[in-house]
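**Student:** Quick one: this structure, given as structure tokens, is what I'll be asking you about.
There are 2 protein chains.
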Amino acid sequence: MTDRSFVTLQDVARAADVSPATASRVLNGTRPVRAELAERVQTAAGRLAYAPNAHAQALAGTSSRNVGVICHDVSDPYFAAIAGGVMRVAAHNGLLVMLANTFRNAGQEIEYVSMLRAQRAPAILLIGSGVEDRTRNRALAAELAPYLRDGGRVAVISRHHGLRVDSVLPENRAGAAALAGRLVAMGHRRFAVLTGPRALTTVVDRLGGFRDGLAKAGVPLSGKDVTEGAFTRDGGYQAMAELIDRGLRATCVFAVTDVMAIGACAALRDRGIAVPSDVSVAGFDDIPVVRDLTPPLTTVALPLEQLGERAMQLALEDRPSGRTRVVRLAGEVVVRASTRRIPTRKESP
Amino acid sequence: MTDRSFVTLQDVARAADVSPATASRVLNGTRPVRAELAERVQTAAGRLAYAPNAHAQALAGTSSRNVGVICHDVSDPYFAAIAGGVMRVAAHNGLLVMLANTFRNAGQEIEYVSMLRAQRAPAILLIGSGVEDRTRNRALAAELAPYLRDGGRVAVISRHHGLRVDSVLPENRAGAAALAGRLVAMGHRRFAVLTGPRALTTVVDRLGGFRDGLAKAGVPLSGKDVTEGAFTRDGGYQAMAELIDRGLRATCVFAVTDVMAIGACAALRDRGIAVPSDVSVAGFDDIPVVRDLTPPLTTVALPLEQLGERAMQLALEDRPSGRTRVVRLAGEVVVRASTRRIPTRKESP
DNA sequence: GTGCGAACGGCAAGCGCTTGCCGAAAGCGC
DNA sequence: GCGCTTTCGGCAAGCGCTTGCCGTTCGCAC
Numbered sequence: 000m001t002d003r004s005f006v007t008l009q010d011v012a013r014a015a016d017v018s019p020a021t022a023s024r025v026l027n028g029t030r031p032v033r034a035e036l037a038e039r040v041q042t043a044a045g046r047l048a049y050a051p052n053a054h055a056q057a058l059a060g061t062s063s064r065n066v067g068v069i070c071h072d073v074s075d076p077y078f079a080a081i082a083g084g085v086m087r088v089a090a091h092n093g094l095l096v097m098l099a100n101t102f103r104n105a106g107q108e109i110e111y112v113s114m115l116r117a118q119r120a121p122a123i124l125l126i127g128s129g130v131e132d133r134t135r136n137r138a139l140a141a142e143l144a145p146y147l148r149d150g151g152r153v154a155v156i157s158r159h160h161g162l163r164v165d166s167v168l169p170e171n172r173a174g175a176a177a178l179a180g181r182l183v184a185m186g187h188r189r190f191a192v193l194t195g196p197r198a199l200t201t202v203v204d205r206l207g208g209f210r211d212g213l214a215k216a217g218v219p220l221s222g223k224d225v226t227e228g229a230f231t232r233d234g235g236y237q238a239m240a241e242l243i244d245r246g247l248r249a250t251c252v253f254a255v256t257d258v259m260a261i262g263a264c265a266a267l268r269d270r271g272i273a274v275p276s277d278v279s280v281a282g283f284d285d286i287p288v289v290r291d292l293t294p295p296l297t298t299v300a301l302p303l304e305q306l307g308e309r310a311m312q313l314a315l316e317d318r319p320s321g322r323t324r325v326v327r328l329a330g331e332v333v334v335r336a337s338t339r340r341i342p343t344r345k346e347s348p
Numbered sequence: 000m001t002d003r004s005f006v007t008l009q010d011v012a013r014a015a016d017v018s019p020a021t022a023s024r025v026l027n028g029t030r031p032v033r034a035e036l037a038e039r040v041q042t043a044a045g046r047l048a049y050a051p052n053a054h055a056q057a058l059a060g061t062s063s064r065n066v067g068v069i070c071h072d073v074s075d076p077y078f079a080a081i082a083g084g085v086m087r088v089a090a091h092n093g094l095l096v097m098l099a100n101t102f103r104n105a106g107q108e109i110e111y112v113s114m115l116r117a118q119r120a121p122a123i124l125l126i127g128s129g130v131e132d133r134t135r136n137r138a139l140a141a142e143l144a145p146y147l148r149d150g151g152r153v154a155v156i157s158r159h160h161g162l163r164v165d166s167v168l169p170e171n172r173a174g175a176a177a178l179a180g181r182l183v184a185m186g187h188r189r190f191a192v193l194t195g196p197r198a199l200t201t202v203v204d205r206l207g208g209f210r211d212g213l214a215k216a217g218v219p220l221s222g223k224d225v226t227e228g229a230f231t232r233d234g235g236y237q238a239m240a241e242l243i244d245r246g247l248r249a250t251c252v253f254a255v256t257d258v259m260a261i262g263a264c265a266a267l268r269d270r271g272i273a274v275p276s277d278v279s280v281a282g283f284d285d286i287p288v289v290r291d292l293t294p295p296l297t298t299v300a301l302p303l304e305q306l307g308e309r310a311m312q313l314a315l316e317d318r319p320s321g322r323t324r325v326v327r328l329a330g331e332v333v334v335r336a337s338t339r340r341i342p343t344r345k346e347s348p
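Chains A and B are the protein sequences, given in the same order. Position 334 of the first sequence, counted from 1, bears residue number 333 in numbering that gives the first Met the number 0, the numbering being contiguous throughout. Position 185 of the second sequence, counted from 1, bears residue number 184 in numbering that gives the first Met the number 0, the numbering being contiguous throughout.
In structure tokens form, the structure reads like this:
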């Protein structure tokens, strides 16, 4: 985009018959300027449809106002909701958001950090799940290090290894454990779990938390009870289908995300297995749509928008000392009609 | 973000003991450089964790690679899906996307165009519905004009008045008409419509198309049969609730978006009205989740991702002549279980 | 051995803006 | 009415990079 020559501050200044310095000060209100001159400048700018060159401004010292956000997949309701929160805070602060979508490709993440670094974004948000891959984390940390050294601000959502940055942590572990406890209290004793890739910290935490919760109630969960699928609706469908083919013996299926749970329900429906009368299903996240499913989904409600808001805020606030901060956001178990109560004989004598 | 001083090309050049010009050429592959020097430069850049200043690059002539996208609400599944398509094409072209969210505030749109103009974005996409408000359209056109004059590329999704730019048009009118025809064919004769704000061209087109479709089949739709609500799930719920309170006499309710239809279904459910046995419900868009509702929603399927992809492509391709191009994308009626067939006495003798 | 072109490094001029500093003009007290 | 402070416009120096142009060096043919 450079075929035409743009209107520059020079042009405006010339048209208003003042120096560029004065024009700049009028347009930015940096210093008071005599009303008459100011008016001339404004008029000229308007007439010429002047738009300052943000790059030149950034170069000249006024730092850039474009924050960077890297997510895995905008079209996933989970990220879409978080992004909504991010956008709200960004808008409040007059910031433009550069949104990068990795399409769940971890390598992309690093490349985008690099691009955002080049953009001199004052802050970068990583709103996708962290990964367990040590090599990748090291590479990411390496890319982030010089950025941080130069004063860049970084905030992440969910647990990321080896990154000394501010983070917003949904309580995946505790939430899943609480859910497990609740389900056991409802009488369930045999569970199956549908997980996403174990490489994701979010998956590990939720699975671990669920297992802990069951263990605490004395209910076992063997490796065979866990089926891995892609982190999508179709992944949930697939995993559920496999599970059914292998012989579904659980009374309750826990999918580590609502999106997967939705797929699971579809698979069950397609095979004529009724929810919750034949099998109960629970998810995690409470994305907006799950309350409108039939039956509405039991899940762990995360304050998704807030996750995004807090992350953006962390990245914007001045960090008190040099310490990294952690904001923990609890999830709340929401029992809906997708899980039923199972009558059990009294357990304790 | 300017407390620390960044590593500059100068620094790299100095470290590699070459001129900045040479360093630049090595790093960009602009011109061949002797292998030995090249290596020295690369090493130095790596060691210093050099990240070029994108603003300086942009200023120095290499045009910016950050396209702008303005949408109404990222967390709405409709926009999320479109954004997914946009992101895909952007990623393929190595572009960063600046995503602005207007929160359905039309004024914001113009402000964002202005910001994007300042960013010297080579292209701007407007992916929200156009509006019927003449004043606003004029203002938007005025803001876009100098941008276009300077070689900026603009593409919009859906019908926008008074903008001489490339556009991608989902066939709202035809789709709604086809849906109406189909519903009539299924035996429905009394309809109710849930619309969003009439100020939106998308609403006007879908409503108009639906009405046309009915008219063509000889089925009337009076003003009282149309209820307006917010363009959201809750808006759909509200509108449906009102409709019920006023006395629901239709056998089929058409909501102009799936999102509203979802709300409508919830309202019906809450009042014990069964879908589709008591009343049929149809939506528009075919956002991913509607096939997983119970009953799955009858709707007009739009190729949402493709909408985004095509728009981005239009904005990127060189325009053949100076003509603006129009890409029409048809919607396809998808009948699912939310609409039932109603037995009617033979109409024709 | 000489002359010529090809290959490649560096110089320096910007790109469009902000801002520290200087100087001129204006306002003030006595 | 004079010298002081205050107010405000302009000058010019960058910010970090790219690139046209020039100069040097080298290889090659003759």
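Quick reminder that beta carbons are idealized off the backbone N, C-alpha and C, glycines included.
In the DSSP assignment, what are the bridge partners of Glu227(A)?
**Tutor:** Stepping through the first sequence from its first residue, residue 227(A) is reached at position 228. Thr194(A), per the DSSP bridge assignment.
**Student:** Quick check: what's the CA-CA separation for Asp284(A) versus Arg210(A)?
**Tutor:** The residue labelled residue 284(A) in the question sits at position 285 within the first sequence. The residue labelled residue 210(A) in the question sits at position 211 within the first sequence. Rounded to the nearest angstrom, the two C-alpha atoms are 18 Å apart.
**Student:** Mind checking which residues open and close the beta strand (DSSP E) that includes Glu331(A)?
**Tutor:** Translated into positions along the first sequence, residue 331(A) becomes position 332. Segment Glu331 to Val333, the beta strand (DSSP E) holding Glu331(A).
**Student:** Cβ atoms of Val255(A) and Thr298(A): under 8 Å apart, would you say?
**Tutor:** As a working note, residue 298(A) is residue 299 in the first sequence. As a working note, residue 255(A) is residue 256 in the first sequence. No, these two residues do not count as a Cβ contact at 8 Å.
**Student:** Give the single residue among Thr194(A), Ala44(A) and Arg64(A) whose Cα lies nearest to the Cα of Val17(A).
**Tutor:** Counting from one through the first sequence, the residue named residue 17(A) turns up at place 18. Answer by Cα proximity: Ala44(A).
**Student:** On the three-pair Cβ rule with 8 Å, is the region 77 to 85 of chain B touching the region 276 to 292 of chain B?
**Tutor:** Contact between the region 77 to 85 of chain B and the region 276 to 292 of chain B is present, because at least three Cβ pairs lie under 8 Å.
**Student:** Since I believe Val167(A) is in contact with Leu58(A) (beta carbons under 8 Å), could you give me their beta-carbon distance rounded to a whole number of angstroms?
**Tutor:** Here residue 58(A) corresponds to residue number 59 of the first sequence, with the count starting at 1. Here residue 167(A) corresponds to residue number 168 of the first sequence, with the count starting at 1. 32 Å between Cβ atoms; not a contact.
**Student:** Please check if any C-beta of chain B sits within less than 8 Å of the C-beta of Cys251(A).
**Tutor:** Translated into the one-based positions of the first sequence, residue 251(A) becomes position 252. Taking Cβ atoms only, chain B never reaches closer than 8 Å to Cys251(A), which makes this a no.
**Student:** Under the rule that 16 or more other beta-carbon atoms within 10 Å means buried, what is Glu316(B), buried or exposed?
**Tutor:** Taking the second sequence and counting its residues from 1, the one referred to as residue 316(B) is at position 317. Exposed is the call here.
**Student:** I'd like the ranges of any beta strand (DSSP E) spanning at least 3 consecutive residues and lying wholly in the region 196 to 282 of chain A.
**Tutor:** Fully enclosed beta strand (DSSP E) runs of 3 or longer: 225 to 227, 251 to 254 and 279 to 281.
**Student:** Leaving out the 5 sequence neighbours to the left and right, which residues in its chain are closer than 8 Å to Val40(B) when beta-carbon positions are compared?
**Tutor:** Sequence index remark: in the second sequence, residue 40(B) carries index 41 (1-based). Taken in chain order, the residues that qualify are Val11, Ala12, Ala15, Val17, Thr21, Ala22, Val25, Leu26 and Val32.
**Student:** Given Pro196(B), which residues of its chain have a CB within under 8 Å of its CB, disregarding the five upstream and five downstream residues?
**Tutor:** Translated into positions along the second sequence, residue 196(B) becomes position 197. Contacts found: Val202, Glu227, Ala229 and Phe230.
**Student:** From the DSSP secondary-structure annotation, give me the bridge partner or partners of Ser166(B).
**Tutor:** Numbered from 1 along the second sequence, position 167 holds the residue referred to as residue 166(B). Answer is Val155(B) and Val325(B).
**Student:** My guess is that Ser63(A) and Gln118(A) are in contact by the Cβ rule of under 8 Å, so how many angstroms apart are they, rounded?
**Tutor:** In the first sequence, residue 63(A) corresponds to position 64, counting from 1. In the first sequence, residue 118(A) corresponds to position 119, counting from 1. Rounded, the Cβ-Cβ distance is 7 Å, consistent with contact.
**Student:** Quick one: what does DSSP say Asn136(B) is sitting in, helix, strand or coil?
**Tutor:** In the second sequence, the residue the question calls residue 136(B) occupies position 137. Asn136(B) falls in the helix class under three-state DSSP.
**Student:** Check for me: the alpha helix (DSSP H) holding Thr21(A) runs from which residue to which?
**Tutor:** Locating residue 21(A) in the first sequence gives position 22, counting from the first residue. Note, Thr21(A): alpha helix (DSSP H), Pro19 to Asn27.
**Student:** Any contact between the region 144 to 156 of chain B and the region 116 to 133 of chain B? By contact I mean 3 or more CB pairs, one from each, below 8 Å.
**Tutor:** Result yes; three or more Cβ-Cβ pairs closer than 8 Å.
**Student:** Tell me where the beta strand (DSSP E) around Leu94(B) begins and ends.
**Tutor:** Start at 1 with the first residue of the second sequence, and residue 94(B) comes out as number 95. Unbroken run through Leu94(B): none, as it is neither H nor E.
**Student:** How many Å lie between Ala198(B) and Ser128(B) at the Cα?
**Tutor:** By 1-based counting over the second sequence, the position of residue 198(B) is 199. By 1-based counting over the second sequence, the position of residue 128(B) is 129. Rounded to the nearest angstrom, the two C-alpha atoms are 10 Å apart.
**Student:** Which residues in the same chain have their Cβ closer than 6 Å to the Cβ of Ala266(B), if we skip the five residues on either side of it in sequence?
**Tutor:** Mapped onto the second sequence, residue 266(B) falls at position 267. Contacts found: Tyr236, Met239 and Ala240.
**Student:** Residues of chain A with a CB under 8 Å from the CB of Pro145(B): which are they?
**Tutor:** Counting from 1 along the second sequence, the entry for residue 145(B) is found at position 146. The contacting residues are Val6, Ala48 and Ala50.
**Student:** When you compare the CB of Leu58(B) with every CB in chain A, is at least one pair closer than 8 Å?
**Tutor:** Within the second sequence, the letter at position 59 stands for residue 58(B). Cβ-Cβ to chain A under 8 Å: yes for Leu58(B).
**Student:** By the three-class DSSP mapping on this structure, what secondary structure does Val289(B) have?
**Tutor:** In the second sequence, counting from the first residue as 1, residue 289(B) sits at position 290. Correct three-state label for Val289(B): helix.
**Student:** Could you check what DSSP says for Gly67(A) in three-state terms: helix, strand or coil?
**Tutor:** Taking the first residue of the first sequence as position 1, residue 67(A) is located at position 68. If DSSP states are grouped into helix, strand and coil, Gly67(A) belongs with the strands.
**Student:** Quick check: the region 175 to 187 of chain A against the region 203 to 222 of chain A, are at least 3 beta-carbon pairs closer than 8 Å?
**Tutor:** The answer is yes - the region 175 to 187 of chain A touches the region 203 to 222 of chain A, with three or more Cβ pairs under 8 Å.
**Student:** Residues bridged to Ile109(B) by DSSP?
**Tutor:** In the second sequence, the residue the question calls residue 109(B) occupies position 110. Ile109(B) pairs with nothing; no bridge assigned.
**Student:** So, is the C-beta of Val288(A) closer than 8 Å to a C-beta in chain B?
**Tutor:** As a position in the first sequence, residue 288(A) is number 289, starting the count at 1. Yes - at least one Cβ of chain B is within 8 Å of the one on Val288(A).
**Student:** Hey, is Met86(A)'s beta-carbon within less than 8 Å of any beta-carbon in chain B?
**Tutor:** As a working note, residue 86(A) is residue 87 in the first sequence. Yes, Met86(A) lies at the interface with chain B (some Cβ there is under 8 Å from its Cβ).
**Student:** Provide the residue(s) that pair with Asp284(B) in DSSP beta bridges, ordered along the chain.
**Tutor:** Counting from one through the second sequence, the residue named residue 284(B) turns up at place 285. In the DSSP output, where bridge partners are listed per residue, Asp284(B) has Ala300(B).
**Student:** Evaluate Gln9(B) with the Cβ neighbour count: other Cβ atoms within 10 Å of its Cβ, from every protein chain shown; 16 or more gives buried, anything less gives exposed.
**Tutor:** Position 10 of the second sequence, counted from the start, is the residue given in the question as residue 9(B). It is exposed - the Cβ of Gln9(B) has fewer than 16 other Cβ atoms within 10 Å.
**Student:** Check whether the Cβ atoms of Gln305(A) and Gly84(A) sit closer than 8 Å, and answer yes or no.
**Tutor:** Here residue 305(A) corresponds to residue number 306 of the first sequence, with the count starting at 1. Here residue 84(A) corresponds to residue number 85 of the first sequence, with the count starting at 1. Contact: yes.
**Student:** Let me make sure I understand the geometry here. Which of Thr338(B), Leu242(B) and Leu147(B) has the alpha-carbon closest to that of Leu296(B)?
**Tutor:** Start at 1 with the first residue of the second sequence, and residue 296(B) comes out as number 297. Nearest option by C-alpha distance: Thr338(B).
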